[in-house]
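Numbering (my numbering), first residue to last: 11 to 639.
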Amino acid sequence: MLHHALRIHEGLGIYGPPSVDFIPYLYTPLYPSMLALFSGAFGLTYALGRTFSLIALLGIGAVAGASLGSKRHAHVHHEPVWAGVLLALGLFAATYPFVEGWFDLVRADTFFLWMVTAGLAGLPRWAKVGTGLGGHARVAVGGAVLALAFFAKQTGIIYVAFGGLVVLVVNWRRVPAYVVMAGALGLGGTWLLNTTTQGWFWIYIRKIHGTHDFNMDRFWKSFGNILWHFPALTLVVAITLVVVFVTRIAKGPLPRATHAFLLWTPVFAVSVLIGAVGWGTEFAHFNAYMPAFLHGALAAGAAIPALYACTRMWWGDRPRAELGANIAALAAAIPLALACWTSRWNPQRYIPTAKDRAAGAKLVERIRAIEGDVWMPSHPWYAYLAGKTPHVHRMGIKDVTARQPREVLGLDEALRTHAFSAIVLDERDVNTEVAGVNLYYRPALELPADERPHVYTGATIQPTSIWVPAITAAPPAGMRVQFDFEGLTWEGWSVSGPAWGKRPEAESQPGQGLVLGAGGRRFATSMHDGDAAIGRLTSVLFPLDGTTLSLLVGGGTDATKLRVELWAAGEPKLLGTASVPEPGGETLRRVSIDLTPFEGKGLHGKLVLVDDSTTGHLDVDDVWVGKTP
Numbered sequence: 011m012l013h014h015a016l017r018i019h020e021g022l023g024i025y026g027p028p029s030v031d032f033i034p035y036l037y038t039p040l041y042p043s044m045l046a047l048f049s050g051a052f053g054l055t056y057a058l059g060r061t062f063s064l065i066a067l068l069g070i071g072a073v074a075g076a077s078l079g080s081k082r083h084a085h086v087h088h089e090p091v092w093a094g095v096l097l098a099l100g101l102f103a104a105t106y107p108f109v110e111g112w113f114d115l116v117r118a119d120t121f122f123l124w125m126v127t128a129g130l131a132g133l134p135r136w137a138k139v140g141t142g143l144g145g146h147a148r149v150a151v152g153g154a155v156l157a158l159a160f161f162a163k164q165t166g167i168i169y170v171a172f173g174g175l176v177v178l179v180v181n182w183r184r185v186p187a188y189v190v191m192a193g194a195l196g197l198g199g200t201w202l203l204n205t206t207t208q209g210w211f212w213i214y215i216r217k218i219h220g221t222h223d224f225n226m227d228r229f230w231k232s233f234g235n236i237l238w239h240f241p242a243l244t245l246v247v248a249i250t251l252v253v254v255f256v257t258r259i260a261k262g263p264l265p266r267a268t269h270a271f272l273l274w275t276p277v278f279a280v281s282v283l284i285g286a287v288g289w290g291t292e293f294a295h296f297n298a299y300m301p302a303f304l305h306g307a308l309a310a311g312a313a314i315p316a317l318y319a320c321t322r323m324w325w326g327d328r329p330r331a332e333l334g335a336n337i338a339a340l341a342a343a344i345p346l347a348l349a350c351w352t353s354r355w356n357p358q359r360y361i362p363t364a365k366d367r368a369a370g371a372k373l374v375e376r377i378r379a380i381e382g383d384v385w386m387p388s389h390p391w392y393a394y395l396a397g398k399t400p401h402v403h404r405m406g407i408k409d410v411t412a413r414q415p416r417e418v419l420g421l422d423e424a425l426r427t428h429a430f431s432a433i434v435l436d437e438r439d440v441n442t443e444v445a446g447v448n449l450y451y452r453p454a455l456e457l458p459a460d461e462r463p464h465v466y467t468g469a470t471i472q473p474t475s476i477w478v479p480a481i482t483a484a485p486p487a488g489m490r491v492q493f494d495f496e497g498l499t500w501e502g503w504s505v506s507g508p509a510w511g512k513r514p515e516a517e518s519q520p521g522q523g524l525v526l527g528a529g530g531r532r533f534a535t536s537m538h539d540g541d542a543a544i545g546r547l548t549s550v551l552f553p554l555d556g557t558t559l560s561l562l563v564g565g566g567t568d569a570t571k572l573r574v575e576l577w578a579a580g581e582p583k584l585l586g587t588a589s590v591p592e593p594g595g596e597t598l599r600r601v602s603i604d605l606t607p608f609e610g611k612g613l614h615g616k617l618v619l620v621d622d623s624t625t626g627h628l629d630v631d632d633v634w635v636g637k638t639p
């Protein structure tokens, strides 16, 4: 979402041909547009995105109080009302763990829910009050709020239709005002977005979204997941609905204290259906149930004053009417309170620890230290935090290629040409889906545990490895490849000591940083068993038939203990040495040994890779011999 907001802020837009730079989530754009709007003043950060969600939560609480406790409901006593409000909010809060903590994330869900709930809560009153243009304007405001909710999340269109039904039931004369406003914003906004994006808006939010698989088993299971998550809630709503229906039949017009219940119960039914459809759709999480849980909680909370009012209506002027009404309200409130109590949860499990924050900071610093562009398919914003350009999210690639393969512009070329200095991948990432990653990159470093920030919500994935270009560099004219260390064993080499291991390596060893600049998929390293291990690696004889021997080296810079030696065949004679240039480190750099004094003498030689250091190691790759241009 922050990447979406960044592109909007920079004027790049989010709906366009899928490319290596960006593919949008299959959502409408209001939420990231709001973040972009305020980013100039507050910066584009996680804090800004979460603040929007937290404000929306407060807004939901205000809407619950206003809807259930409105003066227009003519409550005789307010104790049942406020008990209902508190229990409704408590029930909704109790679902936080079940929906994976998505209330306060940098996502549109809570913001969307606030808009929908506020629009539906206001419509019954706005449809009744006022006269003339003022009265129609109020209904138009409700239509505008619900139409804008569609631009926060597509399922808002269903609530737009339900809002029209509310206006039709309450005051059918104001339906045209509602329809005109909702249609002008909804249809007009859709047309405008689609026109200005050359049709890509509709392709993403409808056509590609519609290609996702639908799981009927998950659809039907959702009704149980929602309705029986809090059996007390469902039973209280169902029993109250029967009581209200019987009261209407037997006693005539219902007391106004039942009106909130009569609004939120059908909204609950609609939201249950929306939740079932949402969770039945491919890639969905339990956040799809958030509207159902909130509107079900509001219906249950509204049931308390509704039962109180209906009981008083049945009791009439008989003695102890107040006691009977309170008993009825308590009969609904007690099981709801018990449901809240038994569903209490510890916030600590959702609060990142100092260890988590340190891991995030370390990972960002590692990415920052990599020279060049870095792609993080599952976490683009980490790259931004490290001062680099974020690129396409893995989910976007899945969305546009899973059902109807589409070209992701520039992706294959970027992989083929090694445009990324590194790719940071999770355990389940694009390397399992995009062939080019495995063809053109190799795993170079398994991230240590203290550089894997803990994931608390949603898809529980963490950055686990860094991949670097698998480049087999061609030597310049006149040079040949003598050793490329691409073999799976040390065949032909002599090994002494444990430092060089059993073979060339494709990945960094434990305790070693990310090795950059190696050619091909493998390189030689003396980091086996850590820096403390020592050892030597001796090559086979080869002809010294050029003017230069060059090779890639990295690691420690102590040339007295970490070096490459070139020895003449026959009578042992050291012909030259090479060591790691300053500043050292895991980025391999090319160094040379001058062979000019031996040119034309028919000498053969051998290399000895020396690690006599107990505090450092040596990395070597791509040994070339020949005449430099």
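Every residue gets a Cβ at the ideal spot worked out from N, C-alpha and C, and that includes glycine. None of these values were measured; they are calculated from a predicted model.
Next on the checklist: Measuring only the C-alpha atoms, how far is P27 from L419?
Outcome noted: On the sequence shown, position 17 is the one that residue 27 refers to. On the sequence shown, position 409 is the one that residue 419 refers to. Between P27 and L419, the C-alpha separation is close to 7 Å.
Next on the checklist: Can you list, in chain order, the residues of its chain with a C-beta nearer than 6 Å to that of R600? Leave out the 5 residues immediately preceding and following it.
Outcome noted: Residue 600 sits at position 590 when you count from the first residue of the sequence shown. Here the set comprises S560, L562.
Checklist entry - Within this structure, are the beta carbons of A454 and S518 separated by less than 8 Å? => result Here residue 454 refers to the residue found at position 444 of the sequence shown. Here residue 518 refers to the residue found at position 508 of the sequence shown. Yes. Within cutoff.
Item to check | Extent of the continuous beta strand (DSSP E) run through V563 | outcome: Sequence index remark: in the sequence shown, residue 563 carries index 553 (1-based). 558 to 565 is the span of the beta strand (DSSP E), which, as asked, contains V563.
Item to check | Contiguous beta strand (DSSP E) assignments of at least 3 residues, all confined to the segment 464 to 505 | outcome: 473 to 479, 489 to 493
Checklist entry - How far does the alpha helix (DSSP H) with K365 in it reach, from first residue to last? => result Your numbering for residue 365 matches position 355 in the sequence shown. Element bounds for K365: 364 to 379.
Checklist entry - When you compare only the Cα positions, how much space is there between T591 and V618? => result Sequence index remark: in the sequence shown, residue 591 carries index 581 (1-based). Sequence index remark: in the sequence shown, residue 618 carries index 608 (1-based). Per the sequence shown, residue 591 should be read as Pro rather than Thr. Distance between the alpha carbons of P591 and V618: 18 Å.
Next on the checklist: If the criterion is Cβ atoms closer than 8 Å, does the pair A154 and Y37 meet it?
Outcome noted: As a working note, residue 154 is residue 144 in the sequence shown. As a working note, residue 37 is residue 27 in the sequence shown. Contact flag unset, no.
Next on the checklist: In whole angstroms, give me the CA-to-CA distance for T206 and I213.
Outcome noted: If you number the sequence shown from 1, residue 206 lands on position 196. If you number the sequence shown from 1, residue 213 lands on position 203. Distance between the alpha carbons of T206 and I213 is about 13 Å.
Checklist entry - To the nearest angstrom, how far is it from the Cα of P362 to the Cα of I337? => result Along the sequence shown, one-based indexing puts residue 362 at 352. Along the sequence shown, one-based indexing puts residue 337 at 327. Each residue's Cα considered, the two are about 44 Å apart.
Next on the checklist: Just list the residues that DSSP pairs G586 with in beta bridges.
Outcome noted: For the purposes of this step, residue 586 is taken as the residue at position 576 of the sequence shown. Answer is L576.
Next on the checklist: Rounded to the nearest angstrom, what separates P134 and L457 at their Cα positions?
Outcome noted: Within the sequence shown, numbered from 1, the residue matching residue 134 stands at position 124. Within the sequence shown, numbered from 1, the residue matching residue 457 stands at position 447. Per the coordinates, the alpha-carbon of P134 lies some 56 Å from the alpha-carbon of L457.
Next on the checklist: When you compare the CB positions of L101 and A307, do they come within less than 8 Å of one another, or not?
Outcome noted: As a working mapping, residue 101 is identified with position 91 in the sequence shown. As a working mapping, residue 307 is identified with position 297 in the sequence shown. The answer is yes: Cβ separation under 8 Å.
Item to check | Bridge partners - H614, DSSP secondary structure assignment | outcome: As a first step, residue 614 is located in the sequence shown; it is residue number 604 there, counting from the start. DSSP, once it has assigned bridges, lists P553 as partnering H614.
Checklist entry - Does the Cβ of P400 lie closer than 7 Å to at least one heavy atom of the ligand HEM? => result Ligands displayed in this structure: none; no statement on the ligand HEM is therefore possible.
Checklist entry - Under 8 Å, do L373 and P473 count as touching if we go by C-beta distance? => result The sequence position of residue 373 within the sequence shown is 363, counting from 1. The sequence position of residue 473 within the sequence shown is 463, counting from 1. Contact flag set, yes.
Checklist entry - With respect to the beta strand (DSSP E) encompassing G636, which residues constitute its N-terminal and C-terminal limits? => result Locating residue 636 in the sequence shown gives position 626, where the first residue counts as 1. Here the beta strand (DSSP E) through G636 covers 628 to 636.
Item to check | Three-pair Cβ contact test at 8 Å for the segment 64 to 83 versus the segment 120 to 137 | outcome: Yes, they touch.
Checklist entry - Is W201 buried or exposed, if buried means 16 or more other CB atoms sit within 10 Å of its CB? => result Residue mapping note: residue 201 aligns to position 191 of the sequence shown, counting from 1. By the neighbour-count definition (other C-beta atoms within 10 Å, threshold 16), W201 is an exposed residue.
Item to check | Contact check, L243 vs A349, beta carbons under 8 Å | outcome: In the sequence shown, the residue the question calls residue 243 occupies position 233. In the sequence shown, the residue the question calls residue 349 occupies position 339. In contact: L243 and A349 (Cβ atoms closer than 8 Å).
Next on the checklist: Looking at the secondary structure, which residues open and close the alpha helix (DSSP H) in which V169 lies?
Outcome noted: Counting from one through the sequence shown, the residue named residue 169 turns up at place 159. For the record, residue 169 in the displayed sequence is Tyr; it is not Val. That run of the alpha helix (DSSP H) goes 166 to 180.
Checklist entry - If you follow the beta strand (DSSP E) that S602 is part of, which residue opens it and which one closes it? => result Taking the sequence shown and counting its residues from 1, the one referred to as residue 602 is at position 592. S602 -> beta strand (DSSP E) spans 595 to 604.
Checklist entry - Which stretch, first to last residue, makes up the beta strand (DSSP E) that contains H546? => result For this step, residue 546 is matched to residue 536 along the sequence shown. One point to set straight first is that residue 546 is Arg, not His, in the sequence displayed. Start and end: 545 to 548.
Checklist entry - DSSP puts F224 in a beta bridge; with which residues? => result Along the sequence shown, one-based indexing puts residue 224 at 214. Per DSSP, T291.
Checklist entry - When you compare each of F533, S43, G71 to L58 by their alpha carbons, which one comes out closest? => result Start at 1 with the first residue of the sequence shown, and residue 58 comes out as number 48. Ranking the options by Cα distance to L58, first place goes to S43.
Item to check | Where G523 falls: helix, strand or coil (DSSP) | outcome: Counting from 1 along the sequence shown, the entry for residue 523 is found at position 513. If DSSP states are grouped into helix, strand and coil, G523 belongs with coil.
Next on the checklist: Do V491 and L598 count as a contact pair if the criterion is CB distance below 8 Å?
Outcome noted: The residue you call residue 598 lines up with position 588 of the sequence shown. The residue you call residue 491 lines up with position 481 of the sequence shown. Contact: no.
Item to check | L333, buried or exposed, once every other Cβ within 10 Å from all chains shown has been counted against 16 | outcome: Translated into the one-based positions of the sequence shown, residue 333 becomes position 323. Counting Cβ neighbours within 10 Å, L333 comes out exposed, since fewer than 16 surround it.
Checklist entry - What is the residue span of the beta strand (DSSP E) that R452 lies within? => result Stepping through the sequence shown from its first residue, residue 452 is reached at position 442. Looking at the DSSP string, the run of the beta strand (DSSP E) that includes R452 is 451 to 456.
Checklist entry - Hey, would you say G144 sits closer than 8 Å to N225, going by beta carbons? => result Sequence index remark: in the sequence shown, residue 144 carries index 134 (1-based). Sequence index remark: in the sequence shown, residue 225 carries index 215 (1-based). No, these two residues do not count as a Cβ contact at 8 Å.
Item to check | Burial state of Q358, where buried means 16 or more other Cβ atoms lie within 10 Å | outcome: The sequence position of residue 358 within the sequence shown is 348, counting from 1. Per the 10 Å Cβ criterion, exposed.
Checklist entry - Would you call Y56 buried or exposed, if buried means 16 or more other Cβ atoms sit within 10 Å of its Cβ? => result Here the question's residue 56 lines up with position 46 in the sequence shown. Y56 is exposed by the Cβ-count criterion.
Checklist entry - According to DSSP, is A534 helix, strand or coil? => result Taking the first residue of the sequence shown as 1, we reach residue 534 at position 524. When DSSP states are grouped into helix, strand and coil, A534 belongs to the strand group.
Checklist entry - Any idea which residues DSSP pairs W385 with across the strands? => result By one-based count along the sequence shown, residue 385 stands at place 375. In the DSSP output, where bridge partners are listed per residue, W385 has I433.
Checklist entry - Once you ignore the five residues that flank G708 on each side, which residues in its own chain have a CB closer than 6 Å to its CB? => result Examination of residue 708 is not possible in this model, given that the chain is present from 11 through 639 alone.
Item to check | Ranges of the alpha helix (DSSP H) found wholly within the segment 134 to 165, counting only runs of at least 4 | outcome: Here the runs fully enclosed are 142 to 160.
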